[in-house]
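Residue numbers (the working numbering), protein chains in the order written: chain A, 3 to 197; chain B, 3 to 197.
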DNA sequence: TTTACAACCGACCCCTTGGTCGGTTACAAT
DNA sequence: ATTGTAACCGACCAAGGGGTCGGTTGTAAA
């Protein structure tokens, strides 16, 4: 057989990129097909419809990507420093295009949560996972932190600020605002420590 | 003449609501027409195309709305308290639907900044106005605040966090997460004070 | 070598979209 | 009463969207 799994993976990856750049709705199948050099028949052989393709992208591309990004940042000895380094690295290492495209999770949350229940649930699940990941690891070092901290609340605040900053940079089309907000976010995080 | 200005205003307001709820691209002219009980000819008599209608909504509906909301919150004697009260009021007073629909500015920023330069520039302008509004009013009471504050940076951070929180609540479909993040945001803002 | 079927192809379908345009209607000015 | 024109109407159009389906091709098993 021609390598079916390879074809599927190829479609998935390119779809992930297109959806990241243009959003789910604005991504047309024809644009994916063109980039994949694959026929519509092939796509519909692997996925029953566009929605399911979107779900597959979320589960097989985005989800592992998030975990691969956030876990090492936060499961380190000092999650406070880990988080700050993670965010700072994001400013310095990411290309301008990447930053302007925003966080796929936030993008999909904004675009699809209100329209499609399948996407909403997947986004929500990812957000809760992410939140727990951060909250638990902060709690782990709670001895170093201020005594009055609500870990879940702080974790949500961190993610919200991060998403807000990536949203901001979409209108300015450059990293400047992004790194500005990230700088303040790092200040906030560092400030969680006992003084 | 039939009241042309009234017709125009009606189209503008309903368009503003539809765009707020469904986004610009997903809002179809036919849905606006149906709600307005106005013909397509009438709409195209007042606006040259959909894009220009969108711009008009931004300038004549959203912009005044933002200023009317943020100015009183921040031009008060104590902007720290004003901001906190403003955010808290938003949690308690807004309907669940309103919160889940998100902030029109943030929505448009996310959806349109990358697609259309006209929208991008308008969004950017509004964000800068908002930022200056907050930054200047914080600076005004800088005597009460911590000495090391970068006002513009803090102002952007506040707006980013606010937008991030309204984004979060889209996936949960209720106020809970929103008010959680807002609570932490208020903590952060209060913490700007000299201890 | 034959067979069976997964993998793939692409012309076609229907629907919705933004946008056009020739025509009608109401009203203000003469 | 006539007329000029802003305001409005809605049938129509082309483009592009997602999705279908009968047909072809490659390859592993018999």
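Every residue gets a Cβ at the ideal spot worked out from N, C-alpha and C, and that includes glycine. Fair warning: this is a prediction, and the values are worked out from it, not measured in the lab.
Item	Value
4 or more residues per run - each alpha helix (DSSP H) lying fully within the region 24 to 73 of chain A	31 to 38, 42 to 48, 52 to 59
Every unbroken beta strand (DSSP E) inside the region 101 to 136 of chain B [3 residues or more]	none
Among A:106, A:31, A:130, nearest to residue 165 of chain A - alpha-carbon criterion	A:106
Under 9 angstroms from the C-beta of residue 27 of chain B: neighbouring residues of chain A	25, 27, 28
Where residue 170 of chain B sits in the DSSP three-state scheme	helix
Segment contact flag, the region 133 to 146 of chain B with the region 66 to 81 of chain B, C-beta cutoff 8 angstroms, min 3 pairs	yes
Residue of B:66, B:168, B:98, B:163 minimising C-alpha distance to residue 190 of chain B	B:163
Cutoff 8 angstroms: residue 112 of chain B Cβ touching any chain A Cβ	yes
Residues near residue 22 of chain B in its chain [Cβ-Cβ closer than 6 angstroms; skip 5 each side]	103, 106
DSSP state of residue 195 of chain B mapped onto helix, strand, coil	strand
Pair within 8 angstroms by beta-carbon distance, residue 14 of chain B and residue 63 of chain B	yes
Residue 151 of chain A: first and last residue of the uninterrupted alpha helix (DSSP H) it sits in	Run containing residue 151 of chain A: none; DSSP gives neither H nor E here.
Simplified DSSP state of residue 144 of chain B, which is helix, strand or coil	helix
Contacts that residue 165 of chain A makes with chain B (C-beta to C-beta distance below 7 angstroms)	166, 169
8 angstroms Cβ cutoff, residue 43 of chain B in contact with chain A	no
Closer than 7 angstroms at the beta carbon, the chain B residues around residue 186 of chain A	155, 156, 159
Any chain A beta carbon closer than 8 angstroms to residue 176 of chain B	no
Counted within 10 angstroms of its Cβ, other Cβ atoms place residue 169 of chain B as buried (16 or more) or exposed	buried
Residues near residue 35 of chain A in its chain [Cβ-Cβ closer than 8 angstroms; skip 5 each side]	41, 42, 45
For residue 37 of chain B, the nearest candidate out of B:141, B:197, B:20 (CA to CA)	B:20
Under 7 angstroms by beta carbon: chain A residues contacting residue 115 of chain B	172, 173
Contacts that residue 129 of chain A makes with chain B (C-beta to C-beta distance below 9 angstroms)	170, 173, 174, 179
Own chain partners of residue 25 of chain A with C-beta closer than 7 angstroms, once the 5 adjacent residues on each side are dropped	109, 113
Chain B residues whose Cβ lies nearer than 7 angstroms to that of residue 190 of chain A	190
Residues in the region 130 to 147 of chain A having any Cβ partner in chain B nearer than 7 angstroms	none
Beta carbon proximity, residue 230 of chain B to chain A, threshold 8 angstroms	In the structure as shown, chain B starts at 3 and stops at 197, and residue 230 of chain B therefore has no counterpart that could be examined.
Of the listed residues A:52, A:183, A:188, nearest to residue 28 of chain A (C-alpha basis)	A:52
contact_flag[the region 170 to 181 of chain B, the region 173 to 188 of chain A] where n(CB pairs < 8 angstroms) is 3 or more	no
Candidates B:55, B:130, B:75, B:128, of which the one nearest residue 87 of chain B by Cα	B:75
Presumed contact (8 angstroms Cβ cut-off) between residue 133 of chain A and residue 158 of chain A, rounded CB distance	6 angstroms
Exposed unless 16 or more other CB atoms sit within 10 angstroms - verdict on residue 155 of chain A	buried
Residue of B:4, B:92, B:61, B:32 minimising C-alpha distance to residue 72 of chain B	B:92
Neighbour list for residue 39 of chain A in chain B, Cβ cutoff strictly below 9 angstroms	Result: empty, since nearest Cβ-Cβ is about 25 angstroms, beyond 9 angstroms.
Residue range of the unbroken alpha helix (DSSP H) whose run includes residue 87 of chain B	81 to 95
When A:116, A:124, A:60, A:61 are compared against residue 98 of chain B, the one with the closest alpha-carbon	A:116
Exposure of residue 194 of chain B, with buried meaning 16 or more beta-carbon neighbours within 10 Å	buried
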